[in-house]
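Structure first, commentary second.
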Amino acid sequence: MLELIGALIVALLIFFSTLIIGCIPIYLLDKRAQRTQGLPSSIATFGVGTLLGTALLLVIPEGIEVCDADDNYGLDLIIGYLVMYFMEKLVNWKGATRPIWTQRESIEHMRNWSDLTNMRKVAIVLCKSEFALAMILHGFSDGAVIGASVSGSLLNWALAAAMLIHKIPTVLSIVSLMQCKQGLNQYEVASNLLLFSASTPIGYLLFKLFYALAFGPTSWLGRNIMLISGGSLLYVATAALQTPGHASSTPTYLPLESAQSVPLSELELGEARSYSWPSTGSNGESSRPYIGTISFLSGLLIPAGISFIH
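Mapping of the sequence shown onto my numbering: residues 70 to 379, in sequence order.
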């Protein structure tokens with residue numbers, strides 16, 4: 070019983086710490102920063118570098134480390150990669166085949182904090198962000214691995230500290246990419262951030278409960294989920310790492326103010342103005358192409374540094 074109470078405290082600590090870390094870029098990227106020329110593009114490139122480094126330097130190596138020698142690493146990675154690939158294609162296909170009069174749902178924005186309790190809007194915003202989907206799967210896999218393989222109060226607290234360090238580059242990358250690359254407003258970013266913050270505690274408590282109730286060994290499932298999440302992160306990172314003019318074909322939301330300014334008649338006609346296309350460049354950055362490279366390499370440095378001390 071005491072061990073389960075300690076696990077609950079650790080889960081709450083991970084949840085609130087992840088949430089606080091994720092609120093930092095939301096606060097910094099206010100409207101004035103969004104109007105600064107080249108800043109959103111640089112931050113998005115920084116997030117892509119952090120995401121790619123997290124997948125290759127932290128998640129996949131840790132997944133291989135916890136696996137047995139006879140486990141099929143490549144199969145788990147391919148499964149995670151294909152899950153995100155088909156999920157993105159499914160979202161695009163459903164959006165393209167819906168009747169025009171129902172396509173207004175796809176541009177519904179969260180307009181205030183009370184919309185965070187609207188489960189339909191939460192689900193729509195989540196499905197429109199492949200970054201958030203991959204991160205939530207990764208967060209759940211982190212909790213699954215911890216809950217399936219760790220016991221003891223001291224190990225719980227040590228693991229909580231290690232998990233918080235591990236989540237710093239992950240949460241910074243997901244928030245910056247959702248804001249600067251996908252154009253989600255602060256309410257939509259906060260909605261996905263809440264789900265991501267809760268994913269690790271839920272996975273941790275769920276597998277901890279299975280372990281405590283002696284439902285059988287769960288370490289095999291936890292090991293495979295870790296590598297599957299690594300494959301998902303790798304897909305999202307490689308899809309986001311695109312040159313200008315070759316952005317993803319997935320339409321993304323306009324900022325809240327832009328969406329409100331589009332006449333309803335144009336929305337009913339399915340006008341293309343109701344979407345904005347991701348762009349990895351700007352006038353300020355195109356005149357200084359090295360800025361994007363520096364931002365990308367700077368993003369890689371964070372998970373690279375953590376990989377040496379983790």
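Think of the CB as a built atom: it goes at the ideal place given N, C-alpha and C, for glycine as much as any other residue.
**Study point:** Distance CB(Gly132)-CB(Gly299) smaller than 8 Å
**Key:** A contact, by the Cβ cut-off of 8 Å.
Exercise for review: Kindly list the residues whose CB is nearer than 6 Å to the CB of Pro238, restricted to its own chain and excluding five residues on each side of it in sequence; keep chain order.
Suggested key: Thr119, Thr123, Ile371, Pro372, listed in sequence order.
Practice item. With distances taken Cα to Cα, identify the nearest neighbour of Leu369 among Ser86, Thr114, Ala80. Key: Comparing Cα positions, the closest option is Thr114.
Exercise for review: Note down the Cα distance separating Ala306 from Ala192, rounded to an integer number of angstroms.
Suggested key: Whole-angstrom Cα-Cα distance: 22 Å.
Point to revise | Collapsed DSSP secondary structure at Leu253 in the structure displayed | key: Here Leu253 sits in coil by DSSP.
Point to revise | Residue nearest to Leu206 in terms of C-alpha spacing, selected from Leu275, Gly149, Asn141, Tyr359 | key: Per the Cα distances, Gly149.
Exercise for review: For Asn141, count neighbouring C-beta atoms within 10 Å of its own C-beta (all shown protein chains included) and say buried if the count is 16 or more, exposed if not.
Suggested key: Under this definition Asn141 is an exposed residue.
Exercise for review: Identify the continuous alpha helix (DSSP H) that holds Met188 and give its terminal residues.
Suggested key: Looking at the DSSP string, the run of the alpha helix (DSSP H) that includes Met188 is 188 to 196.
Exercise for review: Find out if the Cβ-Cβ distance for the pair Ile129, Leu263 is shorter than 8 Å.
Suggested key: A distance of 8 Å or more separates the beta carbons of Ile129 and Leu263.
Exercise for review: Flag Asp139 as yes if its beta-carbon sits less than 8 Å from any beta-carbon of chain D, otherwise no.
Suggested key: Chain labels in this structure do not include chain D; a single protein chain is all it has.
Review point. Hey, quick one: how far does the alpha helix (DSSP H) through Leu369 stretch, first residue to last?
Key: Per DSSP, Leu369 belongs to the alpha helix (DSSP H) from 359 to 378.
Point to revise | Inter-residue spacing [alpha-carbon to alpha-carbon] between Ser301 and Leu366 | key: One C-alpha to the other measures close to 21 Å.
Check your understanding: Would you report the Cα separation of Leu338 and Ile83, rounded to the nearest angstrom?
Key -> Unreliable positioning characterises Leu338 in this predicted model, as indicated by a pLDDT of 38, which lies under 50. A coordinate reading is not provided.
**Study point:** Anticipated Cβ contact below 8 Å, Ser111 with Gly361, distance rounded
**Key:** Contact flag correct, Cβ pair sits at about 7 Å.
Practice item. Kindly give me the distance between the Cβ atoms of Ser364 and Leu126, rounded to whole angstroms, as I take these residues to be in contact under 8 Å. Key: Taking a contact as a CB-CB distance under 8 Å, the pair Ser364 and Leu126 does not count as one, their CB atoms being some 18 Å apart.
**Study point:** Under the three-state DSSP convention, the category Leu71 falls into
**Key:** Helix at Leu71.
Review point. Since Ser198 and Leu253 are thought to touch, with beta carbons under 8 Å apart, how far apart are those beta carbons, to the nearest angstrom?
Key: The C-beta separation of Ser198 from Leu253 comes to about 7 Å, placing the pair in contact by the 8 Å criterion.
Exercise for review: List the endpoints of the continuous alpha helix (DSSP H) containing Val128.
Suggested key: For Val128, there is no enclosing alpha helix (DSSP H), as DSSP gives it neither H nor E.
Exercise for review: Please classify His207: does DSSP put it in a helix, a strand, or coil?
Suggested key: Per DSSP, reduced to three states, the secondary structure at His207 is helical.
Review point. Assuming Gly116 contacts Val240 under a Cβ cut-off of 8 Å, what Cβ separation, rounded to an integer in Å, is found between them?
Key: Actually they are not in contact, since the Cβ atoms of Gly116 and Val240 sit about 10 Å apart, beyond 8 Å.
Point to revise | Assumed close pair Asn261, Ala201 - CB separation to whole angstroms, cut-off 8 Å | key: The beta carbons of Asn261 and Ala201 sit about 4 Å from each other, so the pair counts as a contact at 8 Å.
Practice item. Report all residues from its chain with a CB closer than 6 Å to the CB of Gly208; omit the five preceding and five following residues, and keep chain order. Key: If we look at Gly208 and ignore the five residues flanking it on each side, its Cβ neighbours are Phe265, Ser268, Thr269.
Exercise for review: Out of Leu303, Ala309, Leu310, Ile93, state which residue places its alpha-carbon closest to the alpha-carbon of Gly143.
Suggested key: Each of Leu303, Ala309, Leu310, Ile93 was checked against the Cα of Gly143, and the nearest Cα belongs to Leu303.
Point to revise | Same chain, Cβ closer than 6 Å to Asp145, five either side skipped, listed in chain order | key: These residues qualify, in order along the chain: Asn293, Leu296, Ile297.
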